[in-house]
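Student:
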């Protein structure tokens with residue numbers, strides 16, 4: 001029998017996160033203060049983030065030690081398996097070898113706790129009693145709920161109202177981990193109240209929820225804010241995925257020709273890709289494919305420039321691929337891939353032609369997810385279906401090419417089965433966000 | 001850092017299932033034909049089961065080889081981790097060591113595919129094109145849907161109507177694996193139609209669904225029937241859980257003082273217990289605790305006798321603990337623990353004083369499940385919460401006793417989060433099934 005799962009022992013788990021920032025060929029531009037248009041220093045950001053995380057955000061060190069307390073919690077589910085998708089290979093009739101790193105093995109079902117546990121730890125270390133955050137689909141909110149409870153920190157989650165109503169299971173998960181969850185916009189913040197006054201029936205949006213969580217953190221001494229993707233420190237935390245995968249590929253006696261991940265804010269893809277990108281910069285022949293939905297084509301139709309991270313323009317200006325901060329995403333089912341911007345690290349690596357962005361359509365992604373479920377058993381999250389789809393594209397372009405494909409299965413879809421049912425019922429359709437609409441939303445970019 | 005998860009390599013996975021039947025001290029009585037009251041031979045049962053499984057059902061061999069094709073599919077998620085619940089131990093302040101075997105690691109989230117894959121294989125081997133089964137909460141139905149698809153067998157699931165309506169995620173999971181699912185009672189069988197005529201608005205029951213699936217299998221040449229618990233061959237398949245756990249305890253340099261599992265039909269508990277029971281029969285000092293809900297007290301308030309396995313009296317008479325085949329379970333949330341009978345193997349082991357049955361109440365089980373979620377991360381299925389509760393009882397009886405506890409975490413609760421939410425909202429209550437009601441339902445036992 002051939003080996004299907006390549007496992008690491010707990011004592012083989014990486015003890016450092018990797019920071020690619022000092023090695024990005026074209027360098028990275030700093031975030032800017034929107035008022036002065038000058039680089040934003042830590043003093044301003046320290047109102048909402050603890051210094052431990054801000055140091056990582058600005059760090060030029062290639063390696064960051066993972067504190068023992070975080071490793072202890074990681075051990076609940078890490079190291080995660082690297083799995084050879086041999087059943088999928090057979091179904092495709094390809095000579096390509098397909099491996100996936102399975103981040104759905106965490107208790108909440110995705111890669112998100114890799115950063116949530118770290119963020120809770122650094123906040124706890126600085127005496128923070130309470131964290132505020134937003135969540136859309138609910139993966140980040142439940143991860144932070146889990147992580148904060150482990151450190152005895154209170155957690156308040158502003159959950160986009162339409163998700164709050166449609167995803168009762170995610171809400172119940174956050175309750176189980178002891179977090180407070182409110183539908184956003186909520187009467188609990190001035191911004192939420194102002195929105196409710198104007199639009200009492202609004203389904204909410206991630207932009208509104210971010211603004212509420214930021215206001216909550218900015219107006220309470222005991223509270224900081226936590227973000228689940230985009231920022232450098234989040235990317236660093238997620239590199240444990242790729243560092244493990246690299247060790248596991250070595251154990252398998254293999255090395256990827258292409259590394260694939262889906263991109264919302266970019267953290268799961270960067271997490272698996274960064275350690276291999278370092279190899280490429282040292283001469284290895286390996287490609288990197290970041291996959292986004294055609295309905296939210298940040299990397300493939302947006303442009304790289306300075307933009308706000310949120311709709312209410314409360315964040316610093318970030319140098320990133322963006323569709324414009326007031327881009328309204330259509331109601332696709334991969335809720336985690338509907339962000340208007342892209343992590344500055346990934347944006348710089350696209351600019352430097354190291355990462356190839358592609359966009360795929362929703363129906364093909366669900367088709368790929370169903371094939372994956374039926375062959376490999378695991379039902380992928382709608383977000384992760386984008387990576388599955390891209391892996392299938394790579395594996396079937398030339399069925400006789402014996403290449404090695406590695407992708408990140410960032411989460412399972414057990415809490416997203418309603419969207420599979422919608423797919424089976426023919427209720428979903430493809431939607432390519434039109435170039436003219438991108439043009440329109442780009443008009444509101446800040447002037448630098 | 002101490003080791004939290006004890007893993008096995010794939011090449012350490014057991015290659016045989018264990019059969020405890022020849023070693024049960026008081027022996028086992030045969031199933032009886034309800035008409036003749038004589039032992040039921042394979043010829044009658046072969047109408048609905050393939051010979052490969054009937055041979056296992058009647059087998060006196062201590063070991064049954066696991067076919068290579070089944071091992072290949074097991075590798076998708078097996079061997080499953082044995083986990084040291086050190087965070088739970090700390091929260092309890094106990095000197096006991098608590099280990100759990102995590103069967104929620106399978107793609108469908110429970111131990112059920114261990115038997116579903118085997119049953120699909122033996123049916124396929126005998127040329128069966130289609131399987132019919134029933135499902136209540138949906139764990140068995142989704143496991144058989146997954147397993148049949150792997151062998152290219154069609155699958156039809158009769159799902160208790162109230163679950164069909166209330167558990168859309170389970171239904172979607174079965175669809176994803178390509179199964180046909182209908183709410184039961186359905187117009188697709190004569191029995192279903194007769195029920196619908198009399199009670200068009202009935203929520204259905206497992207008894208009705210079993211009868212529909214049996215009728216489906218009995219009236220179609222291409223179709224057999226599959227059952228997810230109770231029967232001997234199902235118990236044998238589940239022993240892979242305990243065989244792995246035994247190897248893993250050895251790796252940890254430990255041995256359980258007590259082995260715990262929740263009991264519906266009995267397969268997950270027997271699965272983890274059997275290999276250790278063999279040790280006990282050879283002189284080892286180890287206890288076995290089977291846990292059932294106080295609302296469905298088959299083992300603790302029922303009696304051991306011959307009874308039907310279903311409400312419609314279509315099965316042979318089985319020698320088992322029972323509450324009477326027309327027992328109506330109350331609407332508790334551990335849907336997998338609402339069966340009126342108990343596996344004949346477990347029943348015989350209770351009779352022989354090898355297994356200690358206990359009953360626990362619903363609210364304490366959810367309380368235990370929440371504590372487990374917050375400490376160990378994994379949210380247990382409501383059924384598995386019963387095992388968690390019993391492990392906590394064992395660990396806290398004397399906090400200073402350094403005993404070793406092993407329990408089977410038979411599944412995660414990600415598709416049962418609605419019941420956690422009901423618990424948080426105070427909508428659940430305890431219910432002890434009254435002794436007089438047991439007396440009443442016992443009146444309809446068949447006369448032998």
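Protein chains in written order, with our numbering: chain A, 1 to 448; chain B, 1 to 448.
For glycine and all other residues, C-beta sits at the position ideal for the given N, C-alpha and C.
Just so it is clear, the structure is predicted and the values come from calculations on it, not from any experiment.
1) Check for me: the beta strand (DSSP E) holding residue 307 of chain B runs from which residue to which?
2) For the 8 Å Cβ check, are there 3 or more pairs between the stretch 308-320 of chain B and the stretch 19-36 of chain B?
3) On the premise that residue 206 of chain B lies in contact with residue 160 of chain B, defined as a C-beta separation below 8 Å, what is that separation, rounded to the nearest angstrom?
4) Taking the alpha carbon of residue 430 of chain B as the point to measure from, which residue in B:399, B:369, B:363 has its own alpha carbon closest?
5) Mapping the DSSP letters down to three states, classify residue 65 of chain A as helix, strand or coil.
6) Drop a sphere of 10 angstroms on the beta-carbon of residue 285 of chain B, count the other beta-carbons inside from all chains shown, and report buried for 16 or more, exposed for fewer.
7) Please list the partners that residue 173 of chain B has in chain A, where partner means a Cβ-to-Cβ separation under 9 Å.
8) Please report how far the alpha carbon of residue 153 of chain B lies from the alpha carbon of residue 130 of chain B, in whole angstroms.
9) From the DSSP output, which residues share a beta bridge with residue 156 of chain B?
10) Is residue 90 of chain B close to chain A? Criterion is C-beta to C-beta, closer than 9 Å.
11) Anything in chain B within Cβ reach of residue 77 of chain A, meaning under 9 Å, just list it in chain order.
12) Give the straight-line distance between the Cα atoms of residue 403 of chain A and residue 282 of chain B, rounded to the nearest whole angstrom.
13) Would a check of beta-carbon distances place residue 87 of chain A closer than 9 Å to chain B?
14) Excluding the 5 residues preceding and the 5 following residue 399 of chain A in the sequence, name in chain order all residues of the same chain whose CB lies nearer than 7 Å to its CB.
15) What three-state label does DSSP hand residue 215 of chain A in the structure shown?
16) Return the residue from the list B:395, B:77, B:193 that minimises the CA-CA distance to residue 85 of chain B.
17) Is it right to say residue 165 of chain A is buried, meaning 16 or more other beta carbons lie within 10 angstroms of its own, or is it exposed?
18) Between residue 105 of chain B and residue 143 of chain B, is the Cβ-Cβ spacing less than 9 Å?
19) On the DSSP bridge assignment, give the partners of residue 394 of chain B in chain order.
20) Where residue 48 of chain B and residue 216 of chain B are concerned, what is the direct C-alpha to C-alpha distance, given to the nearest angstrom?
21) 9 Å is my cut-off, CB to CB: does residue 109 of chain A come that close to chain B?
22) Let me know the secondary structure DSSP gives residue 276 of chain B once reduced to three states.
23) Would you please verify whether the beta carbon of residue 252 of chain A is less than 9 Å from any beta carbon of chain B?
24) Report the residue ranges of all beta strand (DSSP E) runs contained in full by the stretch 321-375 of chain B; include only those spanning at least 3 residues, in chain order.
25) Can you tell me which of A:145, A:26, A:167 puts its alpha carbon nearest to the alpha carbon of residue 415 of chain B?
26) Consider the Cβ of residue 11 of chain A: report whether some Cβ of chain B lies at a distance smaller than 9 Å.
27) Can you find the residues in the same chain that come closer than 8 Å, C-beta to C-beta, to residue 257 of chain B, ignoring five residues on each side of it along the sequence?
28) Can you tell me the Cα-Cα spacing of residue 62 of chain A and residue 20 of chain A, whole angstroms?
29) Quick one: is residue 127 of chain B buried, meaning 16 or more other Cβ sit within 10 Å of its Cβ, or exposed?
30) Exposed or buried, what is residue 374 of chain A when buried is set at 16 or more other beta-carbons lying within 10 Å of its beta-carbon?
31) Could you check where the alpha helix (DSSP H) with residue 202 of chain B kicks off and where it finishes?
32) Would residue 241 of chain A pass as a contact of residue 262 of chain A if the rule is Cβ separation under 9 Å?
33) State the Cα-Cα distance for the pair residue 255 of chain A and residue 248 of chain A, rounded to the nearest angstrom.
34) For the candidate residues B:326, B:225, B:123, B:313, whose alpha-carbon lies nearest to that of residue 439 of chain B?
35) Closer than 9 Å by beta-carbon distance: list the chain B residues that pair up with residue 239 of chain A, in chain order.
36) So, does the CB of residue 100 of chain B fall closer than 9 Å to a CB anywhere in chain A?
Tutor: Working from what's here:
1) Taking the first residue of the second chain as 1, we reach residue 307 of chain B at position 307. For residue 307 of chain B, the enclosing beta strand (DSSP E) starts and ends at 303-308.
2) Three or more pairs of CB atoms, one per stretch, sit closer than 8 Å, so the stretch 308-320 of chain B contacts the stretch 19-36 of chain B.
3) Here residue 160 of chain B corresponds to residue number 160 of the second chain, with the count starting at 1. Here residue 206 of chain B corresponds to residue number 206 of the second chain, with the count starting at 1. Rounded to whole angstroms, the Cβ separation of residue 160 of chain B and residue 206 of chain B is 6 Å, and the two are in contact under 8 Å.
4) Mapped onto the second chain, residue 430 of chain B falls at position 430. Ranked by how close their Cα comes to the Cα of residue 430 of chain B, the residues B:399, B:369, B:363 have B:363 in first place.
5) Along the first chain, one-based indexing puts residue 65 of chain A at 65. In the structure shown, residue 65 of chain A sits in a strand (DSSP, three-state: E or B).
6) By one-based count along the second chain, residue 285 of chain B stands at place 285. By the beta-carbon neighbour count (other beta carbons within 10 angstroms, threshold 16), residue 285 of chain B is exposed.
7) Here residue 173 of chain B refers to the residue found at position 173 of the second chain. What residue 173 of chain B touches in chain A: 373, 379, 414, 417, 420.
8) Walking along the second chain from the start, residue 153 of chain B turns up at place 153. Walking along the second chain from the start, residue 130 of chain B turns up at place 130. Cα to Cα, residue 153 of chain B sits roughly 5 Å from residue 130 of chain B.
9) If you number the second chain from 1, residue 156 of chain B lands on position 156. For residue 156 of chain B, which the question treats as bridged, DSSP gives the partners B:132, B:180.
10) Position 90 of the second chain, counted from the first residue, corresponds to residue 90 of chain B. Cβ-Cβ to chain A under 9 Å: no for residue 90 of chain B.
11) As a position in the first chain, residue 77 of chain A is number 77, starting the count at 1. The contacting residues are 5, 377, 378.
12) What you label residue 403 of chain A is simply residue 403 of the first chain in a count that begins at 1. What you label residue 282 of chain B is simply residue 282 of the second chain in a count that begins at 1. One C-alpha to the other measures close to 54 Å.
13) Position 87 of the first chain, counted from the first residue, corresponds to residue 87 of chain A. Yes, contact with chain B.
14) Walking along the first chain from the start, residue 399 of chain A turns up at place 399. The answer, listed in chain order, is 93, 94, 95.
15) Taking the first chain and counting its residues from 1, the one referred to as residue 215 of chain A is at position 215. In the structure shown, residue 215 of chain A sits in a helix (DSSP, three-state: H, G or I).
16) Start at 1 with the first residue of the second chain, and residue 85 of chain B comes out as number 85. Here the closest residue by C-alpha is B:395.
17) Mapped onto the first chain, residue 165 of chain A falls at position 165. With fewer than 16 other Cβ atoms within 10 Å, it is exposed.
18) By one-based count along the second chain, residue 105 of chain B stands at place 105. By one-based count along the second chain, residue 143 of chain B stands at place 143. The answer is no: Cβ separation not under 9 Å.
19) For the purposes of this step, residue 394 of chain B is identified with residue 394 of the second chain, where counting begins at 1. Note: residue 394 of chain B is not bridge-paired with any residue in the DSSP secondary-structure output.
20) The residue you call residue 48 of chain B lines up with position 48 of the second chain. The residue you call residue 216 of chain B lines up with position 216 of the second chain. Each residue's Cα considered, the two are about 9 Å apart.
21) Residue numbering aside, residue 109 of chain A sits at position 109 when the first chain is read from its first letter. With 9 Å as the cut-off, residue 109 of chain A counts as an interface residue toward chain B.
22) Numbered from its first residue, the second chain carries residue 276 of chain B at position 276. Residue 276 of chain B falls in the helix class under three-state DSSP.
23) Here residue 252 of chain A corresponds to residue number 252 of the first chain, with the count starting at 1. Closer than 9 Å: no.
24) With a minimum length of 3 residues, the continuous beta strand (DSSP E) runs that stay inside the stretch 321-375 of chain B are 356-360.
25) Taking the second chain and counting its residues from 1, one reaches residue 415 of chain B at position 415. For residue 415 of chain B, the closest of A:145, A:26, A:167 by C-alpha to C-alpha distance is A:167.
26) Residue mapping note: residue 11 of chain A aligns to position 11 of the first chain, counting from 1. Residue 11 of chain A counts as touching chain B.
27) Sequence index remark: in the second chain, residue 257 of chain B carries index 257 (1-based). Excluding sequence neighbours, residue 257 of chain B sits near 285, 286, 287, 403, 404, 405.
28) Indexing the first chain from 1 puts residue 62 of chain A at position 62. Indexing the first chain from 1 puts residue 20 of chain A at position 20. When rounded, the separation of the alpha-carbon atoms in residue 62 of chain A and residue 20 of chain A is 6 Å.
29) Position 127 of the second chain holds residue 127 of chain B. It is exposed - the Cβ of residue 127 of chain B has fewer than 16 other Cβ atoms within 10 Å.
30) As a position in the first chain, residue 374 of chain A is number 374, starting the count at 1. Label assigned to residue 374 of chain A: buried.
31) Counting from one through the second chain, the residue named residue 202 of chain B turns up at place 202. Bounds of any alpha helix (DSSP H) do not take in residue 202 of chain B, whose DSSP letter is neither H nor E.
32) Here residue 241 of chain A is taken as the residue at index 241 of the first chain, counted from 1. Here residue 262 of chain A is taken as the residue at index 262 of the first chain, counted from 1. The Cβ atoms of residue 241 of chain A and residue 262 of chain A do not sit closer than 9 Å to each other.
33) For the purposes of this step, residue 255 of chain A is taken as the residue at position 255 of the first chain. For the purposes of this step, residue 248 of chain A is taken as the residue at position 248 of the first chain. Cα atoms of residue 255 of chain A and residue 248 of chain A: separation of roughly 10 Å, rounded to the nearest angstrom.
34) Taking the first residue of the second chain as 1, we reach residue 439 of chain B at position 439. It is B:326.
35) Along the first chain, one-based indexing puts residue 239 of chain A at 239. Near residue 239 of chain A there are no residues of chain B at all, since even the closest Cβ is about 20 Å away, more than 9 Å.
36) For the purposes of this step, residue 100 of chain B is taken as residue 100 along the second chain, with counting starting at 1. It does not; no Cβ of chain A falls within 9 Å.
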